[in-house]
Every structure is written in C-alpha cells, then in structure tokens.
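Enquirer: Residue numbers (this note's numbering): 497 to 942.
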Ligand code: PA5
C-alpha cells in the first residue's frame, strides 16, 4: 500500500468521473507498454523496475563512496544539468535544513553544492572564489558525457582542485557518473583513474534520480538512499495493476481528461518551500516527456503562500486553461506555535496558540475552495511527511504517471528531440569544429 494519496474530487465540476474512467482502457494499455516494453521509446524503460532491481552491492558502493567523499571534503560539488541535476537537488532541498549552508554544526550542514546547471559566469566565478580555501571534491554527472554546461564547470573546477591539492590527490576526490563506454567524460575518467558509476543505457536522464546520478549526491548530503529506494519499491508495487487503486494511473487519466477538456496548463502547487525543486524536477520530467508533436500539458509551478501574492490573481481570475495539482505535506518536521501578545497591537491574538502549519493548512484549504469556485480544477496529492521513504514513493509515482500519461497522449515520452535545436545553434555560433555549414548558415541570418 502506498502512502501517497491522490484525490480528484475537486476536478469533477470540470470533467465527470465517467470522462476520467473513459481513459482507463488507454491507461491500461499504456501500463502494459511500460511493463512489456512494447511502446515507443521502449529502449528507455530501465527505470520501471529499477527500485526492485537495485542491488545491495550498488547501494553499498554508493554509500562507501559518499562516506569517503564526506571524510575527505567539506564541500562536494555535484556537476550536471537537467536529469543529471534536478532529482538530487529536489531530494536534498526537501530533506535538508533550510539554512544548512549557514550551519556550523556538522550534523545539519549539507555539503553538496551544484554547478554545471547553468553557464552563468558570475555563478561560476563566485563558486570558484568560495571554494578557494575549502576542502572540496567533485561528482561530475553526464550520461552523454558531452553536455556543454557541465563540461565547462568541470574543466574549471578540476583545474582549480588540481591547483589547490595536486593532480594525484584531486583524482581521489573526483567521481564521474556517465555512460559505460561512450562520451568524452568516460574517456577522461578512465585516463585520470577516477572512481566511476555507470548510468545504464536504458535509463534516460530525467528518469535517473534513483540511479547513482541522484543517489550519490543524496548520500553525500547525509540522507538515507536505502529509505528512498524502499519508498520507491513500495510505489513500484502499488502501480502495477490497471485499477483505480493505482495512484499513478488515476493521476494520468485525470490530467489527460482535463487536458481534453481544454485545461492546457498544469500548475504544481506546494505550500512548503522545501518542495520548490521537487516542482522543478517534475516540470522537467513532464515537460521533456510530453511536449511533443505540438501536444502536451504545459507544466508550471508555484510556491504558496508566497506566490499567492504574485500569481494568485492570475490563477483565480485569468484565462480558464489551467488546473492545479497540489502537493500537500501532512506533517511538518518541526512545531512552532504562535505566541500570545498582551498588547495585541498586530491583532494576531486570534491565532495565539495555533501552530504555524495550521495557518498554512487553512491558506491551502481557503485557496483550494476559491480556485475551484473560480473554475480551476484541483488534484490533491497528499504526502505524509518530507522523509526519504515518502519522497521515494513520490518520485516513482510521478515517473510512472508520466510514462502512462505520455502514452495516453500518444507521444514517445522517452525522447527529447526538441532540446537538440538550441544546441545546434549554440555550437554553430561558437564555431565548434564539425559545425562549419551551420555556422555559415546561422551567421548569414544575423
Ligand atoms: O532528461 C534528459 O535526458 C536531459 O535533461 C538530460 O538529463 C540533460 O540534458 C543532461 O544530459 P547529460 O546527462 O547527457 O549531460
């Protein structure tokens, strides 16, 4: 039994239960394609059985590597972009103390920093500056081993580390996660003698958080990858059958019924700032998987109640092409009660004694009622707490929902032909060898 609950009651003013159920046959077919590998992109279904198939040997190796990095380094920079970055970032942000970067006490300090997820010169310069007098290591992650953003960050930080501690010591503090054979990173790692982990051919970047891609940085940050995998296994078992009790199936059918009813944008809403990057990960997962052939629900996100003061007006009253999927965390990690103030100058004594979370939950409920009344259907996903086990469930729940949904939409959820276009132009503009023809063509347009 999974611990994630999907409630679709508040979409029924827009689509009926029958309209949702009408998609059950397509969802069952999609599920069969995922399990039997008979659909488009079947070469990339390694993630489907990954939680059950992850070996003790791999988990122990990741844990030992994480311990070694933690012993040797005060900071570990995880270099990667897209699927080679967002999963780890999402889990670490969800679990870490909000102020961990500023914590002096070892237990609550998260050592993982990120690079290669942008080409910001200021970001890289400031990171290099910060690391100048620090004991740091690097986890460089790229399935293709050729992606420009992480390659630039790695070249800079590798050179810095070698300058700071020497080439031999540096090579002990660098771990590469990449393809088994292909790509520049694999070649470089072999030549330099780095510890490596393999990203299996049949697991695409955005489905790779439960491989060493996500697991190693998460373990370095001090969180239990065993619990995370245990949660994912729970959800793997809960999403096998094509029934209403399959939460991923219910989510996939409901969002597709809404899409067919003209709701083209799905906003993933959270009421806990720790989930900001979970939404970023989800946007990549669904955006890259479904936005094809001029189809697909546009995945957007807001962090409430913060964004109720910026996007709230649009959601309440803008064009009616949206629906919301609210990620609701039942139990916060800490307890804070609002104190009584004898003078009550701020007029807040009516809240005295209440937990902050009670106020947050009322903001959530009040917003749900207002948005549903305003014509915004609402799917509610409840997760008991921000703990490794439940995050593992949530991740697998969304992955499975994405596979089912993509097949219902009749796209190949496992390729990303669209992301190549910008790269071709960028390489042409940068005059990369091999792009001479494209360079001439693009320059003639400027
Ligand atoms: O989901 C995907 O496939 C992409 O987002 C990739 O993860 C991203 O482009 C990074 O690719 P790579 O790991 O090859 O550097």
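The beta-carbon is built from N, C-alpha and C at its ideal position, and this holds for glycine as well.
Since we're looking at a predicted model, the values are computed, not measured.
Between which two residues does the beta strand (DSSP E) holding residue 962 run?
Expert: Outside the displayed range of the chain (497 to 942) lies residue 962, so it cannot be described from this structure.
Enquirer: Taking the alpha carbon of residue 812 as the point to measure from, which residue in 853, 874, 792 has its own alpha carbon closest?
Expert: Within the chain shown, residue 812 is the residue found at index 316, counting from 1. When only C-alpha atoms are compared, the closest one is 874.
Enquirer: Just the Cα atoms here: how many angstroms apart are residue 866 and residue 506?
Expert: Taking the chain shown and counting its residues from 1, one reaches residue 866 at position 370. Taking the chain shown and counting its residues from 1, one reaches residue 506 at position 10. Roughly 12 Å between the two C-alpha positions.
Enquirer: From this set, 502, 501, 509, 499, which residue's C-alpha is nearest residue 757's C-alpha?
Expert: Counting from one through the chain shown, the residue named residue 757 turns up at place 261. Checked all of 502, 501, 509, 499; the closest Cα to residue 757 is 509.
Enquirer: Can you tell me whether residue 762 is helix, strand or coil according to DSSP?
Expert: Indexing the chain shown from 1 puts residue 762 at position 266. Note: residue 762 maps to strand in three-state DSSP.
Enquirer: Tell me where the alpha helix (DSSP H) around residue 713 begins and ends.
Expert: Taking the first residue of the chain shown as position 1, residue 713 is located at position 217. Counting along the chain, residue 713 sits inside the alpha helix (DSSP H) bounded by residues 708 to 716.
Enquirer: If I measure Cβ to Cβ from residue 955 and keep anything under 6 Å in the same chain, skipping five residues before and after, which residues do I get?
Expert: Since the displayed the chain opens at 497 and closes at 942, residue 955 lies outside it and no answer follows.
Enquirer: When you compare the CB positions of residue 688 and residue 720, do they come within less than 8 Å of one another, or not?
Expert: For this step, residue 688 is matched to residue 192 along the chain shown. For this step, residue 720 is matched to residue 224 along the chain shown. Not in contact: residue 688 and residue 720 (Cβ atoms no closer than 8 Å).
Enquirer: Which residues share a DSSP beta bridge with residue 633?
Expert: Working through the chain shown from its first residue, we reach residue 633 at position 137. Residue pairing for residue 633: DSSP places it in a beta bridge opposite 572.
Enquirer: Should residue 824 be labelled buried (16 or more other beta-carbon atoms within 10 Å of its own) or exposed?
Expert: One-based indexing of the chain shown puts residue 824 at position 328. Classification of residue 824: buried, given that the 10 Å Cβ count is 16 or more.
Enquirer: Skipping 5 residues on each side, what residues in its chain have a beta carbon closer than 8 Å to that of residue 868?
Expert: The residue given as residue 868 occupies position 372 in the chain shown. These residues qualify, in order along the chain: 506, 509, 874.
Enquirer: For residue 700, is the beta carbon positioned less than 7 Å from some heavy atom of the ligand PA5?
Expert: The residue labelled residue 700 in the question sits at position 204 within the chain shown. Residue 700: yes, Cβ under 7 Å from the ligand PA5.
Enquirer: From the DSSP output, in three-state form, read off residue 799 for me.
Expert: Locating residue 799 in the chain shown gives position 303, where the first residue counts as 1. Correct three-state label for residue 799: strand.
Enquirer: I believe residue 632 touches residue 569 by the beta-carbon criterion, under 8 Å. Please report the beta-carbon distance rounded to the nearest angstrom.
Expert: For the purposes of this step, residue 632 is identified with residue 136 of the chain shown, where counting begins at 1. For the purposes of this step, residue 569 is identified with residue 73 of the chain shown, where counting begins at 1. Sure, about 5 Å apart at Cβ, within 8 Å.
Enquirer: Taking contact to mean 3 or more Cβ pairs, one atom from each stretch, closer than 8 Å, check whether the region 750 to 766 and the region 670 to 681 are in contact.
Expert: Between the region 750 to 766 and the region 670 to 681 there are fewer than three inter-stretch CB-CB distances shorter than 8 Å, so the stretches are not counted as touching.
Enquirer: I'd like to check one pair, residue 826 with residue 881: are the Cβ atoms closer than 8 Å?
Expert: What you label residue 881 is simply residue 385 of the chain shown in a count that begins at 1. What you label residue 826 is simply residue 330 of the chain shown in a count that begins at 1. Cβ distance < 8 Å, so residue 881 and residue 826 count as in contact.
Enquirer: Taking the beta carbon of residue 810 as the centre, do at least 16 other beta carbons fall within 10 Å, making it buried, or is it exposed?
Expert: On the chain shown, position 314 is the one that residue 810 refers to. Under this definition residue 810 is an exposed residue.
Enquirer: Excluding the five sequence neighbours on either side, which residues of its own chain have a C-beta within less than 8 Å of the C-beta of residue 931, listed in chain order?
Expert: For the purposes of this step, residue 931 is taken as residue 435 along the chain shown, with counting starting at 1. Around residue 931, the same chain offers 920, 923, 924 as residues with beta carbons nearer than 8 Å, after the five sequence neighbours per side are excluded.
Enquirer: Quickly, what does DSSP pair residue 608 with across the bridge? List them, please.
Expert: Here residue 608 corresponds to residue number 112 of the chain shown, with the count starting at 1. Note: residue 608 sits in a beta bridge opposite 572.
Enquirer: Opposite residue 811 in the DSSP bridges: which residues?
Expert: Here residue 811 corresponds to residue number 315 of the chain shown, with the count starting at 1. Answer is none; residue 811 lacks a bridge partner.
Enquirer: Would you list the residues sitting across from residue 503 in a DSSP beta bridge?
Expert: In the chain shown, residue 503 corresponds to position 7, counting from 1. Residue 503 pairs with 876.
Enquirer: Applying the 10 Å Cβ sphere with the 16-neighbour rule, what's the burial state of residue 545?
Expert: What you label residue 545 is simply residue 49 of the chain shown in a count that begins at 1. Counting every other CB atom within 10 Å of its CB across the protein chains shown gives residue 545 a total below 16, marking it as exposed.
Enquirer: Just reading off the alpha helix (DSSP H) that residue 749 is part of, what are its end residues?
Expert: The residue labelled residue 749 in the question sits at position 253 within the chain shown. 743 to 756 is the span of the alpha helix (DSSP H), which, as asked, contains residue 749.
Enquirer: Using 7 Å as the cut-off, classify the Cβ of residue 639 as near or not near the heavy atoms of the ligand PA5, replying yes or no.
Expert: For the purposes of this step, residue 639 is taken as residue 143 along the chain shown, with counting starting at 1. Yes, since a heavy atom of the ligand PA5 falls inside the 7 Å radius drawn around the Cβ of residue 639.
Enquirer: Going by the DSSP bridge assignment, what does residue 674 pair with across the sheet?
Expert: On the chain shown, position 178 is the one that residue 674 refers to. Looking at the DSSP output, residue 674 bridges to 638, 694.
Enquirer: Residue 849: which of 861, 860, 831, 859 sits nearest, CA to CA?
Expert: On the chain shown, position 353 is the one that residue 849 refers to. Ranking the options by Cα distance to residue 849, first place goes to 831.
Enquirer: Counting along the chain, where does the alpha helix (DSSP H) carrying residue 541 start and finish?
Expert: By 1-based counting over the chain shown, the position of residue 541 is 45. Boundaries for residue 541: no alpha helix (DSSP H) harbours it, and the DSSP string shows neither H nor E there.
Enquirer: Going by C-alpha to C-alpha distance, which of 615, 820, 815, 714 sits closest to residue 799?
Expert: Looking up residue 799 in the chain shown gives position 303. Minimum Cα distance to residue 799 is reached at 820.
Enquirer: In three-state terms, what does DSSP make of residue 509?
Expert: One-based indexing of the chain shown puts residue 509 at position 13. Three-state DSSP puts residue 509 in coil, outside helix and strand.
Enquirer: Could you check which residue in 690, 899, 917, 904 has the C-alpha nearest to that of residue 910?
Expert: Here residue 910 is taken as the residue at index 414 of the chain shown, counted from 1. Residue 899 is the option with its Cα nearest to residue 910.
Enquirer: What residues in its chain sit with their C-beta under 8 Å from that of residue 533, if we drop five residues either side in the sequence?
Expert: Sequence index remark: in the chain shown, residue 533 carries index 37 (1-based). Answer for residue 533: 541, listed in chain order.
Enquirer: Could you check if residue 734 is buried or exposed, using at least 16 other CB atoms within 10 Å of its CB as the buried criterion?
Expert: Residue 734 sits at position 238 when you count from the first residue of the chain shown. The residue in question, residue 734, is buried, as its Cβ has 16 or more Cβ neighbours within 10 Å.
Enquirer: Taking the Cβ atom as the reference point for each residue, do residue 714 and residue 692 lie within a distance shorter than 8 Å?
Expert: One-based indexing of the chain shown puts residue 714 at position 218. One-based indexing of the chain shown puts residue 692 at position 196. Taking 8 Å as the Cβ cut-off, residue 714 and residue 692 do not qualify as a contacting pair.
Enquirer: So, under 8 Å CB-CB, residue 889 and residue 730 are touching, yes? Tell me the CB distance rounded to an integer number of Å.
Expert: Along the chain shown, one-based indexing puts residue 889 at 393. Along the chain shown, one-based indexing puts residue 730 at 234. With a Cβ gap of about 6 Å, residue 889 and residue 730 count as contacting.
Enquirer: How many angstroms separate the CA atom of residue 916 from the CA atom of residue 790?
Expert: Residue numbering aside, residue 916 sits at position 420 when the chain shown is read from its first letter. Residue numbering aside, residue 790 sits at position 294 when the chain shown is read from its first letter. C-alpha separation (whole angstroms): 16 Å.
Enquirer: Taking buried to mean at least 16 other C-beta atoms within 10 Å of its own C-beta, is residue 837 buried or exposed?
Expert: The residue labelled residue 837 in the question sits at position 341 within the chain shown. Its Cβ having fewer than 16 others within 10 Å, residue 837 is exposed.
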